[in-house]
Each structure stands twice: as structure tokens, then as C-alpha cells.
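First the structure, in the form of C-alpha cells, and then the observations on it.
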Amino acid sequence: MDPVDLPLPVVRRPRQRPDAAALERDLRSRVDGEVRFDAGTRAAYSTDASNYRQVPVGVVVPRTVEAAREAVAVCREHGAPLLSRGGGTSLAGECCNTAVVLDWTKYCDRLVSVDVRSRRCVVEPGIVLDDLNRRLAAHGLMYGPKPATHPNCTIGGMIGNNSCGSTAQAYGKVVDNLHRLEVLTYDGVRMWVGRTDDGELRRLTATDGRVGELYRGMTALRDRYAGLVRERYPDIPRRVSGYNLDSLLPEHGFDVAGLLTGSESTLVTVLHAELALVPVPQHSALVVLGYEDICQAADHVPAVLRHEPAALEGVDHQLIHFEQKKHLNPDALKELPDGRAYLMVQLNGDTREEVEERARALIAAKPDDVDHTWYDDPRHIGELWRVRESGLGATAHVPGQPDTWEGWEDSAVPVDRLGDYLRDLKRLYEEFDYGHPSVYGHFGHGCVHTRIPFDLESEEGIARMRAFVERAADLVVSYGGSLSGEHGDGQARGELLEKMFGPELIEGFERLKGLFDPDNRMNPGKIVVPYRLDENLRLGAHHLPWEPGTVFSYPHDDGKFSRAATRCVGVGKCRSSEGGVMCPSYRATREEEHSTRGRARLLFEMVNNEGDSPVTDGWRSDAVHDALDLCLACKGCKTDCPVNVDMATYKAEFLHHHYKGRLRPLAHYSMGWLPALARAVALAPRTVNALASVPWTARAAKALGGVAPERDVPVFAEQRFTDWWRERGGPRGDGRRGEVVVWPDTFTDHFHPAVGRAAVEILEAAGFRVKVPDRAVCCGLTWISTGQLAVARRVLRHTLDVLREDLRRGTPVVGLEPSCTAVFRADAVELLPKDPDVERLRDRTRTLAELLLERADDWRLPRVDARAVVQRHCHQYAVMGFDADREILQRAGVDADVLDAGCCGLAGNFGFEKGHYDVSMACAEAGLLPAVRQADDSTLVLADGFSCRTQVDQAGTGRTPLHLAEVLAAGLHGREPVADRPAPPRRRALLPPAAAGAALLVAGFVARRLRA
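Everything in the sequence shown is counted per numbering that gives the first Met the number 0, starting at 0 for the first residue and increasing by one.
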């Protein structure tokens, strides 16, 4: 091949920056999509899941593939760098850049076509893997590669990274599961690419124009570098580092789609992908083998491979220990065999008998000193896989341990040398004084994941990190391995590639880049002509964050809000569309800024103190406020987030400072002060209910209170729970089990007092002597959720004064409203730290179900014998858990379908606030309301949370949910559970208050005229 056909290499990064204002103007005028150059968006996209940070020029969210094509054209005209992004979970820095970011995930997520016979489908790049597989399930098909981020990673991102996951053991990498790609070059060439036979290749290379130039250049690259590729590309299943020049070799059919896979948006933009599908396994078994240490487990991998597993993963004792410390996957951890390291071996087959036989054969072949356990049911298999998939989150922000980071988290070596490699890697850890980081990963392919306690905030620490990584790269190359086994090169490994491939192949990579992107505008600085691995760090030697004073104590973050704002590791679990609670606002809006991760990014930028930070006005930031506005404060992230980001607390803290010394939104006065308002209403509840039922007075009241006009004002009870208690004459029963305090929260006391009455009846029947505080009390929840934290503290101190003697006697406090119970169990100790009485309150507070199990376990619960759909309150899910309620329902004979449907959407004041109604209902329609509508009339609807009950009641379902206490109390009397709720006044009763209201308005009008 004539050297003139070889493309010139890209040798430098572009220096000039585009005119951002002109670029934004042209994008807005020509692109069908959302164009965002605002501070909040740029902050949210400033980093991925890596150690790196680069603030983007702007973000484009195209509504169609054609709109994305036009966005690329506009960028080309302005010379703007471009980054096509998937789920944003990259660990090597390939998903952040000072560029225009294309985010496909909101709109371009279509499954375009499915060909069942040929097992192929065509998709847009923004489709999430789990969503795709749910749509394919009806055809008995799925996409094979399955990274640990499968609930939120996109096909486009998987193509960019050449992703793998545990199932790559059976199905290979993404490059092995593609037929064709439709791609767009920066200079505007749009084409479908894939395998190219000799005749087609001759035709294409003879074509005039840019397409012919591309194919002639690729042919020249193949001919020039084929020998070096065969010599220097590691012959291992997990070689992900570098460009896939091997895909151009004759033995791979000149596969241009394969070449471009794993190129991390540095060569082309992917518009469509035609995927190769596989049948969904009919039956599976998971065998877990226990070893003395992880190196011994790695030594045994070749023997296990002879049993042809579909997945073969390794997990060390450190990962298990960290999950125990963080209370992750507790049920699954109990299912592990004896040992300090584990191999998880999945076997698939067409019949249950087949997989059982294969599992028994594997167990029979193991060494005698290796313990085992195995399961063939989906529940246990799923639980155990979550142990492995939690690896990244479990090894980050471990209590009592130094922070750990990416940087050498993805090496791969030949499987038969894995044990020795791990021994050498551990010695390297010790040499650099990094202790004993957890190692785990895809051991069946020799791929090792880890997080290392690098010091990324001092010059000495960063220099030591660089020295370690360079030594580790030399080590993996000496083993014939790959720097990356699935996470890609990006910035973290780009400058190390010469160690692995040599200078000649690096020149080949640069020539490939020069062929497709001669001006180096596609994700510049990644893979080729890379940034140094120690620049653009998110932290760095000069990282001196702002340390603001706070109201909450942040005990898990050394008392520093800046550390809380750095907690997010970017894994993106908050962007999943199903399962758990987190993150309801993202599920409703599909907006990065309305995910837990996006909000965490803005808070990080708020305290970052870097000169290029988009957020510069601290607590007064409108960008941060707008991102937090749609946070439901559901606390789902406190549990679902693998590093326990607690956005509800961060939001309350922010609102406290944001509005300090300023007028607040009307809703903060009406709903934040609801407990005080409700006590005032208790003087004349019938009149207030009547006024609230008159349309024009209701509209006026909602407008004055900042309440969504679509909402109904809840009906106040004419007799409060505490009034009933006093009229009843106080405690009854023998009290053989001791005293308990029933907490009269605002919602039970003023709106649903029947819940309190039922709880008293149940507790007395179980043998407790019930007490109810004789003074007005409150947990402070509504002030916390609206960020009025000084008031919340005063309210909590008053509550402690009222409860102090009971707490010091060890009397349990029974919470009936989960959100209020969660304040006592979690928030109170952070608002009033180092107060022994608030710690006693935390330790004494129990849900009704918890108390019955702990202190009346031998009591025979009343039988209900019914089916029920159960909505867990988000705060109970996040703080107290639901295991006790599940057990009580089972003992009472309730066949409970506990929904995994996310947040109800009302979330206290959130769903009542003006401007939140649509998001609130979208959350409810995502799972809760469809489940309620599908339940037949004989099925009970249970919801302990007032918000959950109100959302169902006001959604026109025709169902009135019950509290657990009401269900059990009905069982005591052998009657069908029926909700007893305050009824709105009848029409005739509305006339007097309506007339009075009109008279007041007229009087007010006349008075104003007279003053004028």
C-alpha cells in the first residue's frame, strides 16, 4: 500500500474554544431538542463516575436522531468539541469533557425494530439495557452483555466502552454482539457499517468522496499494522484497551462496527445500532464456592472454567466486610458459604434437571477444603448477584476507612495467571502503603476490579498515585494483560497505552483518529493525544472546598458539608427506571439534574471553589435551588444509593440557608407550619372544612397557601385523637407488658384519628399500658422538609422536655406515621447531636410492628385472612425498614403484595405545593396507582403513610387505604377492615360558612376602601 494512503496522525489537542453564546443561539434555532448552557446543567454534567472533572460548554438533549445529526452539524460549523454520552457512569473520564455533550437518554431510547427469526434488533443509542431487555422478554430474547450498571447504562454507552459485565463469560463483549452501526462523523458522513466482504470493500475503496477516503484509509491502516496487531494485542477475552484495529483483520471480516466499538466517542457519533440477540436462559443455578483467600480462589478458576459457566465472578472478604459495615444485602450475605473469598458460578440450561446436574458435577469436582452453597431459584440468585454488583458502591465511603478511588480498577490478565497477578498486585499495594484494598471482578475472564485509597488532595499523594499506576501498568503488561478489561481508557489509561502497545501502534491509533476526526473535535484528550492521568482531577492538590457552617451535624462525613457533597461516586443507580425508591423525580422527568447524582454534582460545584465552577453563589444559588425543587425528600437515596447520599437532608440544609433572612415561598408558611395551623383549626374544624369545600374559598385559600390548585384540602377531623384520648379517661388494661407512649403526630391527631384509636386498641389488647403525651408535641418534620431548621430544633427540644421522664425510664415510643418516626430514628440526632436524650429517643422509638415483634412476640395476633396491596412509606423503607411489618402481616393471615413501586409522589408537602402536581402524579402513575386500580374490591389497600393514603384517595381510584393498626383492630372484632375517615361536609352545611366567608371578604374590602 502506498504510504500516501495512510491518514495523517492527530498529534495535538485543539486549543481554541468556540463562541459559546453564538453556538447556543444556533443550536436553539436549528435543533429539535433541549439546548442547555445554563450553570445548573453544566455543573450536573461536569464529571462522570471517574476521578476527573471538566465543565462542558453546554448540553444538547435531542428529541430525535435527526435532531442529533443537526446538532453535530452546528458544532462542526462552530468548531466546537463534541461528546456523545450514554448513562454517564464511565470510570476512566471518557464521559466528561469541555465540549458540547449530547445526552440521548431522555428521548432517543426507541426500540426501532425486532427480527425474532434472525435474533436481531435495531435501537437508538439512549435506550437503557434493562428497559431493552424488558421489551425483548416477550420474544424470549435479550441482549447478552450485562454490566453491573444494567438498570441505568445505555446501549450507546455500552458501545462506546465495549462493555462486558458478568454475562460476557457466556456471550462476550459488546463487539461480539453487534451486526451493524449507523454512525456520523464529525464532518457529516452518515453511514451504516459492519462486516465488509472483499467485493464490498473493493467497491467502497473505489468510491469517490469522503466514504471512499475512509475505507481506503482503514485498508491502509490494516495493511500497515496487521503484523503488530497480531503480535502485540493480548490474546485474552478482556482486551478492551486501545482501538479495535484487530476488527479490520481478515479473520474478523473487516468489521468497521467492531473497529468503532469501544472508541469512546473519539471517532464517530453512533445514531443507531443493530444488535445480535440471544435467547433468555430457561433455567439457572448459582454455585458459590468458599476459599481461604482470593488468590487461592483465582488459582481455581481454570478448573471451574471446564464446567462452562455462564458467569464466573470473584469476591474477596474485604468486599463482604464492607457490605456488612454498610448494611448492604444482609440477607444475601447470610447465604454465603464458609470462607474468606468466593467464586460465584452461574450455570444456565434448557431444563432444571440439566442445571442441577451441572451444579452437582461442579460441586463434586471442587477441592475438599472448599465449602459451597447453591441455589436454583430466581430470588436467591438475584440476591447473591447483588452482592457482586454492589462492589463499586460498597468499597466507596466505608465507615472508618479512608476514601477509595478509581485509577487502577479494571486490569485484565490471562486467566491461568490470575492468582499470581493478584499476589503481585497485593505486594504492590503494600509497597505503596495502600493497605489491603478489596479485589473482585470477572475472574472467569481474568478481569480485576478494585478501589484504592489514593490521596488525591496533595501533590505528594498525587505523585504517589501516578507512580503506583505506572508500576501497575508495567506489571499487567508483564503478564500479557490489558490495562482495561471493560471500563475503557479515557483519560485514566490513555497515556499508559504506549506501555501496552508500543509507539508504533500508538501511531496507528493516532492515524485512525486522524482519519475519522482530523481536527480532533470528538472527545479530545481521551485515548489518543491524551490528557495526563493526573490532570483535570475532580479534587487535586489545590482542592480547598468552601466549608460552610451547617445545622445538621453530618456525622458520617466528619461534620463537613463539603464531604457530604463529594459522597456521590457517579454510579448512576438513581437513574434506574424500576425497583426501589430512588429516584422518583428522575423517573418522572428523565432529567440528569433531577437525579440524586445530578443534584450531588451541583452541590459539589457549589462548595468546589474552583475558578471554572458554574455555581458561584453558594447557598443563594438559583441553579442549585431549581435542581432541588423537584426533590421529593423521600429519603430513598439514603438506602438505595450505594454510598448513602442523603439528598433529603442536603435539601433541608440548603433551603435553610437559601431563605435565611428572606421571604419564603407561601407553601413554607402554610405547610411548613401545618402543626401549628392544625391546632388552630381544631378550634373550629367544621367551619374550616366547610370553607375548604366551597370552590371559591378553597381556590383563594390554596392560592394564599401556595397549594397546587389541582389538590383537595384534606378534611380535618372534628374530634382529634388526643381529644378522644382525654375524653376516654386515659390508660386501660392490665399493662402486663409495660408502658408505651403512642406518639400523636399531626397527621394522625388532626386528620386520621381512627389510626391512633386502632393502635391504642391493639396495644392494650397485646398487654401494654398506653400513654399519650398530655401537652402539644411535634417531631418537627414539616419544618425540616421546608428547611426551617431553627424552628425544627426548638420543636424537638420541646418534645424532649415532654418525653424526658419516659425516655429515661426506657419507655418505648410508638410511631404511627412513618415520616415522623423516621425523624426520631434519624434526623433528630443530626439536628441535636451529642444530646443523650435525643439518642434515647432514637433508641426507644419503634413502629407498631417492631414493638409487637420485640415485646409481644408471643401474643397471638388477630386473624384477618385477606389479600392486600401494600405501599411502603419511603421514609420507612429508607430508615426503619419493612421486615417487621411484613412479618406481622404474615402472622395475621394477610397475603401481602408489598409493592416495589417507588414513591407515592405526594411525599408530604411536595405534592401539595404549587407547580409540583404533574411530577407528583407521574410518580404515582409509575407503579402505585396502577397496582391499586388492578386490585379487586376484596383486596385491601394498606399504606401507613398519610401521604400515601392521601395520594390514593385523591387520585380517583375509589379506594381508601388503611393503616396496619386499623387492619389489626378490625381483626380483633372479627370484622372486615373499613377505613374511618373524616367526611367532607354536605352541601347544605356549606351555606352558613360560605355566607360568613363572603361577609368577611366584603368587610375587608370596605375597610381597605375606608383606609384609602
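Every residue, glycine too, gets a C-beta built ideally from N, C-alpha and C.
- Beta-bridge analysis with DSSP links R189 to L183.
- Ranked by Cα distance from P150, the options A775, G809, L799, D639 are led by D639.
- With fewer than 16 other beta carbons inside 10 angstroms of its own, W545 counts as exposed.
- When only Cα atoms are considered, P664 and L285 end up about 54 Å apart.
- Note that the region 441–454 touches the region 473–492; at least 3 beta-carbon pairs, one per stretch, sit closer than 8 Å.
- Within the model, the alpha-carbon separation for Y658 versus R756 is close to 39 Å.
- The count of Cβ pairs closer than 8 Å, one atom from the region 319–332 and one from the region 262–269, stays below three, leaving the stretches out of contact.
- When DSSP states are grouped into helix, strand and coil, R52 belongs to the strand group.
- Note that the C-beta distance between K770 and P730 is below 8 Å.
- Looking only at R824, L815, E853, the smallest Cα-Cα distance to L961 is reached by L815.
- DSSP places D234 outside both helix and strand once states are collapsed to three, so it counts as coil.
- Boundaries for H396: no beta strand (DSSP E) harbours it, and the DSSP string shows neither H nor E there.
- Here W695 is exposed, its C-beta having fewer than 16 other C-beta atoms within 10 Å.
- In this structure, the beta-carbon distance from V568 to G392 falls below 8 Å.
- Counting C-beta atoms within 10 angstroms of its own C-beta, V412 has 16 or more neighbours from the protein chains shown and is therefore classed as buried.
- Per DSSP, the unbroken alpha helix (DSSP H) holding L259 starts and ends at 255–259.
- Sorting A865, G892, Q889 by C-alpha distance to the C-alpha of V940 places A865 at the top.
- The Cβ-Cβ distance between A930 and T959 does not fall below 8 Å.
- Here the alpha carbon of R803 sits roughly 13 Å from the alpha carbon of R774.
- Unbroken beta strand (DSSP E) stretches of 3 residues or longer found wholly inside the region 1–86: 32–35, 57–61, 81–84, given in chain order.
- Inter-residue distance for K559 and R29 is about 45 Å (C-alpha atoms, whole angstroms).
- Distance from the CA of Q317 to the CA of A472, rounded to the nearest whole angstrom, comes to 23 Å.
- In the DSSP assignment, A691 falls within the unbroken alpha helix (DSSP H) covering 684–692.
- Distance from L22 to A70 at the Cβ level is roughly 10 Å; contact not present, criterion being Cβ atoms closer than 8 Å.
- In chain order, G558, E829, P832 place their CB closer than 7 Å to the CB of S552, counting only its own chain and leaving out the 5 sequence neighbours on each side.
- If you look at K365, you'll find it isn't in any alpha helix (DSSP H); DSSP assigns it neither H nor E.
- DSSP places Y341 inside the beta strand (DSSP E), whose first and last residues are 340–348.
- Counting C-beta pairs closer than 8 Å gives fewer than three between the region 130–137 and the region 221–236, which falls short of the contact rule.
- By alpha-carbon distance to H555, the top candidate from D842, D292, V642 is V642.
- Here R845 carries a strand assignment [DSSP, helix/strand/coil].
- With contact defined as three or more Cβ pairs closer than 8 Å, the region 360–369 and the region 407–425 are not in contact.
- Under the rule that a run must span 4 or more residues, the alpha helix (DSSP H) segments found entirely inside the region 437–506 read 458–477.
- Three or more Cβ pairs drawn from the region 519–529 and the region 77–92 lie within less than 8 Å of each other, which places the two stretches in contact.
- Taking 8 Å as the cut-off, the beta carbon of V438 is found no closer than this to the beta carbon of D518.
- In terms of Cβ geometry, T820 and T844 form a close pair [threshold 8 Å].
- The closest CA to that of A702, considering only A395, A666, P529, A675, is found on A666.
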